[in-house]
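Undergrad:
Number of protein chains: 2
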Amino acid sequence: MVDSRLPAGRARPVRGPSIDRNSFEPPYYQLANILRRQIAAGELRPGDRVPSEGQLCEQYGVSPMTVRRAINILLDEGLVTATRGRGTFVRPLVLGTATFGLQALEDLFNDAHTTVRFLSVKTAPATPRISQKLGVPADAKVIFIRRLLSNDGEPVAYHREYLVFDPTQPIVEAEMGITSLQGLFEGRGETVLKRGDLTIEATVLTEEEATLLNATPGRAAFRIEHIFFDFEDRPVSWGWFIVRGDRLRFQATVGVRREGEGRS
Amino acid sequence: MVDSRLPAGRARPVRGPSIDRNSFEPPYYQLANILRRQIAAGELRPGDRVPSEGQLCEQYGVSPMTVRRAINILLDEGLVTATRGRGTFVRPLVLGTATFGLQALEDLFNDAHTTVRFLSVKTAPATPRISQKLGVPADAKVIFIRRLLSNDGEPVAYHREYLVFDPTQPIVEAEMGITSLQGLFEGRGETVLKRGDLTIEATVLTEEEATLLNATPGRAAFRIEHIFFDFEDRPVSWGWFIVRGDRLRFQATVGVRREGEGRS
DNA sequence: ATTATATAATACCATAGGGAACTTGTCAAA
DNA sequence: TTTGACAAGTTCCCTATGGTATTATATAAT
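Below, the structure written as structure tokens:
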């Protein structure tokens, strides 16, 4: 066992993890992981105080900037809160901080077994709702696209999309719209769009959707509405996905996250 | 596209925004906003190169660390990508980067007009499914709680929760469970729980749920399943919320975010 | 022509040091 | 008892400087 009669004072050798100078992981990253692990292990509990920046500097032999950066990471993750003049404290579990992404939906698209079939591509006069959403005059022409996404032949998602119709370059614009979604998930192309707003709702399949998705009406489904804007902040595309509820689920974690979730 | 064959010379006076030294916003924050605004305005388009760190230093008269921090923010937001030795580039819109929060759910709880009613609090033998989820022996006693959340008298969510029953401190444990949810959203108390996993599904109301929620069966609803772990990583609470679909929606933005989303 | 090597540019990372703003507690004065 | 000033501790923030790893490019050698 370890001798606990430590001489007072003097940055005593920390019994526990330390920074590995020969690792590929930079010190700030290691330190963040160390602290996160201590929280995960319960050595630091909600409400507890995290050692001050000065203490951490001494303790791990790193510079203030490095400590700050490590703490900033935990701050971003919502794991701790810091108040100037008071200290840094471990935050209790807060459900509202949980986040989830569209990774599951993206996977659905990028799955090699997933195919996209166009049900229709045509122009149509805008309904009041469409004209409102896209900011075009009533009865203006819009491009209307319907897609069906199937996985191994089994339909899983139905997509409706309305695109503004630009008479100056009609064909190109339409083709952009057609190919747009593929690129959207991949990150290639699509230099036309600047911003998008997304909304997720729970809904049930209508008759039409049910027949297309090879299911019975009234089944549970997600409705993911989207609207994209161009660089002049004008709406370009409005539409929504209908995804069978049994084919999609979103997951989130609250509290201590998995180790090392670097940026992309 | 921006012409990158710039005349070699001389940090020319930048026509455009600059850092305000007398502002409350720290320089790194201002710089991040400037760049974000340039992306939002289309001055920097997807695929374009962001000026190098050195250039930004000169241009805005700040130190490298400050620049790095600003860029880190954009990196975290998924707005740009950086590769060592190559440069930093504006990223096209990627749907997968959209993140949704459970803030909406939290708001539902913390609304002053929301009240919680207990339908039942009792112990029951664990079904196979419960024993599996909570990691307790089959037929072990568990605490079973049913809650009904109403907003202005109108029921919006139904909650079932199973808690492990600790014979050593039965009453305290039970009460912890009862009060747990309140604290979970607020961030007070609840030093018992370390981590939680959440799953969000689309579903339709069963007969029972419909009558409780004062709606008709077959209506759309969210099913938010949760499982919480203690500091020994043992499951403590398993259950799920059934939230009326017309009372909850999740929203997110992809691409350029609103100005200034600091940490909490 | 192809391959290796040097060079520059770049994003990264860390150190050392100092200052500003806020909170808390103590102690003296009213 | 209450108020006010002060000091210490803390989180923040920035500057200045230098080093490392990777990439791209130009140059030399094969």
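From first to last, the protein sequence lines stand for chains H and P.
For the first sequence, the working numbering gives the first residue as 7, with consecutive numbering after it.
For the second sequence, the working numbering gives the first residue as 7, with consecutive numbering after it.
Ideal placement from N, C-alpha and C gives every residue a C-beta, glycine not left out.
Going by beta-carbon coordinates alone, are Ala88(P) and Tyr34(P) separated by less than 8 Å?
TA: Going by C-beta atoms, Ala88(P) is not nearer than 8 Å to Tyr34(P).
Undergrad: Is the CB-CB distance between Ile45(P) and Leu101(P) below 8 Å?
TA: No; because the gap between Cβ atoms is not below 8 Å, this pair is not in contact.
Undergrad: Tell me the residue span of the alpha helix (DSSP H) that contains Phe228(H).
TA: Here Phe228(H) belongs to no alpha helix (DSSP H); instead the beta strand (DSSP E) covers 226-236.
Undergrad: I'd like to confirm something about Asp239(H): is its beta-carbon nearer than 7 Å to some heavy atom of the ligand GTP, or not?
TA: By its list of ligands, the structure shown contains no ligand whatsoever, and the ligand GTP lies outside what it can speak to.
Undergrad: Under 8 Å, CB to CB, which of the residues in the region 131-145 of chain H have a partner in chain P?
TA: Residues passing the 8 Å Cβ filter: none.
Undergrad: Go to Thr72(H), then tell me how far its alpha helix (DSSP H) extends in each direction, as first and last residue.
TA: Run containing Thr72(H): 70-82, per the alpha helix (DSSP H) assignment.
Undergrad: My output table needs one value for Leu199(P): the three-state DSSP class, helix, strand or coil.
TA: Leu199(P): strand per DSSP, three-state reduction.
Undergrad: For Ile291(H), return the contacting residues in chain P, with the cut-off set at a CB-CB distance below 7 Å.
TA: Examination of residue 291(H) is not possible in this model, given that chain H is present from 7 through 270 alone.
Undergrad: Please look up how many angstroms separate the CB atoms of Phe150(P) and Tyr168(P), rounded, as I've assumed it's under 8 Å.
TA: Yes, they are in contact, since the Cβ atoms of Phe150(P) and Tyr168(P) sit about 6 Å apart, within 8 Å.
Undergrad: So what does DSSP say about Ile177(H), is it helix, strand or coil?
TA: Low local confidence applies: a pLDDT of 49 at Ile177(H) is under 50, so the model's placement there is unreliable, with the coordinate-based value given in what follows. Correct three-state label for Ile177(H): helix.
Undergrad: Using the Cα positions of Arg131(H) and Ala227(P), report the straight-line distance between them to the nearest angstrom.
TA: Inspection of the sequence shows that residue 131(H) is occupied by Pro rather than by Arg. Rounded to whole angstroms, Pro131(H) to Ala227(P) spans 33 Å at the Cα level.
Undergrad: So, helix, strand or coil for Ala38(P), using DSSP?
TA: Looking at Ala38(P) - three-state DSSP - the assignment turns out to be helix.
Undergrad: For the region 103-121 of chain H and the region 122-137 of chain P, state whether three or more C-beta atom pairs, one from each stretch, are separated by less than 8 Å.
TA: In short, these stretches do not touch, since the Cβ pair count stays below three.
Undergrad: Indicate whether Asn78(P) and Asp117(P) have their beta-carbon atoms separated by less than 8 Å.
TA: Contact flag unset, no.
Undergrad: Quick one: what's Ser243(H) bridged to in DSSP?
TA: DSSP, once it has assigned bridges, lists Leu169(H), Phe234(H) as partnering Ser243(H).
Undergrad: Nearest to Leu326(H) by alpha carbon, out of Phe30(P), Leu99(P), Ile230(P)?
TA: Past the boundaries of the shown model lies residue 326(H); chain H is included only from 7 to 270, so the question cannot be answered.
Undergrad: What number of angstroms, rounded off, separates the C-alpha of Ile136(H) from the C-alpha of Trp244(H)?
TA: If I take the Cα positions, the gap works out to 8 Å.
Undergrad: Between which two residues does the beta strand (DSSP E) harbouring Leu154(P) extend?
TA: Run containing Leu154(P): 147-157, per the beta strand (DSSP E) assignment.
Undergrad: Between the alpha carbons of Gln257(H) and Asp239(P), how many angstroms are there, rounded?
TA: Approximately 19 Å, taken between the alpha carbons.
Undergrad: Using the Cβ count rule (16 or more neighbours within 10 Å means buried), how would you classify His119(P)?
TA: His119(P) comes out exposed.
Undergrad: Can you tell me where the beta strand (DSSP E) holding Phe256(P) begins and where it ends?
TA: It spans 256-261 - the beta strand (DSSP E) in which Phe256(P) sits, taken as one unbroken run.
Undergrad: Scan the region 217-250 of chain P for residues whose Cβ lies nearer than 7 Å to a Cβ of chain H and list them as they occur along the chain.
TA: Hits within the stretch, in order: Gly224, Ala226, Ala227, Phe228, Phe237.
Undergrad: Would you verify that the beta carbon of Gln44(P) is, or is not, closer than 8 Å to some beta carbon of chain H?
TA: By this cut-off, Gln44(P) is not an interface position.
Undergrad: Return no unless some Cβ of chain P is closer than 8 Å to the Cβ of Glu112(H).
TA: Taking Cβ atoms only, chain P reaches closer than 8 Å to Glu112(H), which makes this a yes.
Undergrad: By the 10 Å Cβ neighbour count, where 16 or more other Cβ atoms means buried, how is Phe106(H) classified, buried or exposed?
TA: Buried.
Undergrad: Return the residue from the list Val260(H), Cys63(H), Phe234(H), Phe30(H) that minimises the CA-CA distance to Lys139(H).
TA: The shortest C-alpha separation from Lys139(H) is found at Phe234(H).
Undergrad: Going by DSSP in three states, Ile25(P) sits in which element: helix, strand or coil?
TA: Note: Ile25(P) maps to coil in three-state DSSP.
Undergrad: Note down, in chain order, every chain P residue with its Cβ under 7 Å from the Cβ of Leu85(H).
TA: Chain P residues near Leu85(H): none, gap ~11 Å exceeds 7 Å.
Undergrad: Which residues does DSSP pair with Glu160(H) in a beta bridge?
TA: Answer by DSSP bridge pairing, in chain order: Asn157(H).
Undergrad: Name the DSSP bridge partner or partners of Ala130(P)?
TA: According to DSSP, Ala130(P) bridges with Val148(P).
Undergrad: What number of angstroms, rounded off, separates the C-alpha of Val260(H) from the C-alpha of Asp172(H)?
TA: Cα to Cα, Val260(H) sits roughly 45 Å from Asp172(H).
Undergrad: CB-CB under 7 Å to Arg166(H), same chain, minus the five flanking residues each way: which ones, in chain order?
TA: Hits under 7 Å: Arg152, Gly245, Trp246.
Undergrad: Once the 5 residues before and after Ala216(P) are set aside, which same chain residues still bring their CB inside 8 Å of it?
TA: Around Ala216(P): Thr222, Pro223, Gly224, Arg225.
Undergrad: Within 10 angstroms of its Cβ, does Gly202(P) collect 16 or more other Cβ (buried), or is it exposed?
TA: By the 10 Å Cβ count, Gly202(P) comes out buried.
Undergrad: Who are the neighbours of Thr94(H) on chain P, taking C-beta pairs under 8 Å?
TA: Chain P residues near Thr94(H): none, gap ~12 Å exceeds 8 Å.
Undergrad: Return no unless some Cβ of chain H is closer than 8 Å to the Cβ of Thr209(P).
TA: Yes, Thr209(P) lies at the interface with chain H (some Cβ there is under 8 Å from its Cβ).
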